[in-house]
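One structure is given here, and the rest of the page talks about it.
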Amino acid sequence: MSHPILSCLFLVLMMSWSDLALSQHTGLCGVEIDEVKASTAFGYLIGYSVKFKNTKQQTLDHLIWSVAFENNAGQLIEEDTGVFNSTELISPIQPGRSKTFLRTPSKIKGASRARIQVTRVHTISGETCKTR
Numbered sequence: 000m001s002h003p004i005l006s007c008l009f010l011v012l013m014m015s016w017s018d019l020a021l022s023q024h025t026g027l028c029g030v031e032i033d034e035v036k037a038s039t040a041f042g043y044l045i046g047y048s049v050k051f052k053n054t055k056q057q058t059l060d061h062l063i064w065s066v067a068f069e070n071n072a073g074q075l076i077e078e079d080t081g082v083f084n085s086t087e088l089i090s091p092i093q094p095g096r097s098k099t100f101l102r103t104p105s106k107i108k109g110a111s112r113a114r115i116q117v118t119r120v121h122t123i124s125g126e127t128c129k130t131r
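Quick note, in numbering that gives the first Met the number 0, the sequence shown goes up one by one and the last residue is 131.
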């Protein structure tokens, strides 16, 4: 029987977090994308994190973004949507502050990166900005 520490070390070595070039990502209306990381294991993308920065003078209480999962050659594998809504338990994003979100879509075979585009921004004052 293998040692639990060795099993954990093996799992960590088999998984990788890859930083993605920020120029591939698109912010909207005072919301910038500071960082995107993708987690892969055994040829599958198993999760991603995205850090949004509020450069507006107003507090953000709602964000929607599209995410394109791509392989290393930049070919689209799958698309999805991410959502943030502030609640009593989840605080809004204050002006000048950042918030990181971790998402775990179902395993996506062959994808190695996530490209983010913010598609809707809403502030607590009621202002909405969206694409399309």
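Even for Gly, the Cβ is constructed at its ideal location relative to N, Cα and C.
Across which residues does DSSP place residue i in a beta bridge pair?
i	result
residue 41	Residue 41 is not bridged to any residue.
residue 69	75, 112
residue 217	The shown model of the chain, from 0 to 131, leaves out residue 217, and the question about it has no answer.
residue 129	119
residue 31	52
residue 25	116
residue 99	50
residue 146	What the structure shows of the chain is the stretch from 0 to 131, and residue 146 is not part of that stretch, so it cannot be assessed.
Just the C-alpha distance for residue i and residue j, rounded to the nearest angstrom, thanks.
i	j	result
residue 68	residue 102	13 Å
residue 124	residue 61	11 Å
residue 56	residue 90	16 Å
residue 87	residue 122	16 Å
residue 54	residue 100	17 Å
residue 108	residue 23	21 Å
Beta carbon of residue i, beta carbon of residue j: below 8 Å?
i	j	result
residue 106	residue 51	no
residue 113	residue 35	yes
residue 58	residue 93	yes
residue 110	residue 77	yes
residue 115	residue 32	yes
residue 130	residue 44	no
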